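Since the structure comes first, as structure tokens, the remarks are kept for the end.
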Amino acid sequence: MTPSDRPAVPRQSPPPDEKPPETRRHMIRRRWITAVIIVLLIGVPAGYLAISAEQSRTSGRDKESEASAHGLQNDWPSKTQRRIYDVPVPNDAVSVAYYETNSWKVSKLYVQFKTSAAGLAEFMKDGGTSTAALKPGDVTISPEDALKVGWTFPAGHDWAGTTHAQKDPLPTQNITVDETDPDKPVVFVVSTATP
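Spelled out as structure tokens, the structure:
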């Protein structure tokens, strides 16, 4: 039997689940999509980790420099510090400086600023007391606390002070005010918190 004598067998169609061969254009598109997915799955988290690490390093450096500082820093205490130590520095305050100490038993925030008579009244009211509580001639900040930040309370100034004691866990403030210029009082505060 010759090849031409063989009966012709019809060509079978491919099974229904078999895919047609992939075209070059389709292959390139599939590879691009795969590459984009890999970049998104790996690149985005890696970028996020790098940014987060840098922010953490920067924050650590800031805290380290603040912790290593000795004496007053010419800056406002953070809002968190002002809230924790209950030291509501008035908005019109100038020459603001602060220093914070922390230990297991006691934490202290030392703050000084110059304000107006209205600013002093606002500070005292927002802190839970009033200017009427200031006793003329009274310096309520201890010599040890004053020495820690370099404060001096010499004679010849019109000093007035009060201690604003609160129930634990709220802090206690020793407030001393230089009222030599009543329009521009200088306020010295030591707020003590016992965790």
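Going by the numbering used here, the sequence shown opens with residue 15, and the numbers climb by one from there. All residues carry an ideal CB built from backbone N, CA and C; glycine is no exception. Just so it is clear, the structure is predicted and the values come from calculations on it, not from any experiment.
Within a 10 Å sphere around the beta-carbon of Asp182 sit fewer than 16 other beta-carbons, which makes this residue exposed. It is roughly 12 Å from the alpha-carbon of Gln69 to the alpha-carbon of Gly61. Residue state for Pro59 is assigned as helix, using DSSP reduced to three classes. Note on geometry: alpha-carbon atoms of Phe127 and Val103 lie some 8 Å from one another. Straight across, the Cα-Cα distance linking Leu63 with Ile51 is about 18 Å. When DSSP reads this structure, Leu123 sits in a beta bridge with Glu114, Ser205. Selection Pro59, Gly175, Val125, Val153 evaluated against Leu86 yields Val125 as nearest (Cα-Cα). Collapsing the DSSP output to three states places Asp182 in coil.
Secondary structure at Ala174: strand, using DSSP grouped into helix, strand and coil.
In the pairwise beta carbon analysis, the region 139–146 is classified as not touching the region 160–169: fewer than three pairs are separated by under 8 Å.
For Ile47, the uninterrupted alpha helix (DSSP H) run begins and ends at 38–52, by DSSP.
By the criterion of a C-beta distance shorter than 8 Å, Val191 is surrounded in its chain by Leu134, Leu148, Trp173, Ala174, Gly175, Pro199, Val200, Val201, Phe202, once the five residues flanking it on both sides are discounted. Residue state for Thr190 is assigned as strand, using DSSP reduced to three classes. Here Ala131 is near Pro196, since their CB atoms are less than 8 Å apart. The DSSP-derived three-state label of Ser66 is helix. Considering only Arg97, Ile42, Thr48, the residue with the shortest C-alpha distance to Thr206 is Arg97.
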